[in-house]
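In my numbering, the protein residues as written are 942 to 1044.
Below, the structure written as structure tokens:
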């Protein structure tokens, strides 16, 4: 694993452990839905792609464009916390991931 991505790997292990325990208790027969929003910072897209790749086998990933379309249908602004909350609830999303890369 690339040295610059190593901390990301540790964070993913923690996230996936939490996700596995949380979804096993809350929804034993349903695959959780997740959205990975844009990351910020140096090599942000590379870090985001690593997260998406790791999560893909554990969750149903919702595309960001789908969320924007749902926001438009609901008449809400997805860039606000309230708007995002409405979109997440409407789409049945149980995990929202965002990130910032430093260094």
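Built from N, CA and C at the ideal position, the CB exists for glycine as well.
Since the structure is predicted, the reported quantities are computational estimates derived from the model, not experimental observations.
query                                                                                                                                                              : result
Take residue 978 and list the residues in its own chain whose beta-carbon comes closer than 6 Å to its own, dropping the five residues that flank it on each side. : 1039
State yes or no: is the C-beta of residue 988 within less than 8 Å of the C-beta of residue 1036?                                                                  : no
Output the distance between the C-alpha atoms of residue 1019 and residue 1001, rounded to the nearest integer angstrom.                                           : 20 Å
With a CB to CB cut of under 8 Å and the five nearest residues on each side skipped, what residues in its chain are close to residue 943?                          : Confidence in residue 943 is poor, its pLDDT being 48 and thus under 50, which makes the residue's placement unreliable; the coordinate value appears in the next sentence. Cβ neighbours of residue 943 beyond the five flanking positions: none.
Going by Cα to Cα distance, which pick from 983, 981 and 998 is closest to residue 972?                                                                            : 998
Where do the ends of the beta strand (DSSP E) carrying residue 1041 lie?                                                                                           : 1034-1042
From the DSSP secondary-structure annotation, give me the bridge partner or partners of residue 1001.                                                              : 974
Thinking residue 980 and residue 1028 are a contact (beta carbons under 8 Å), I'd like their distance in whole angstroms, please.                                  : Not quite, the Cβ-Cβ distance comes to about 19 Å (not below 8 Å), so this is no contact.
Just to confirm before moving on: does the CB-CB distance between residue 1024 and residue 1017 stay below 8 Å?                                                    : yes
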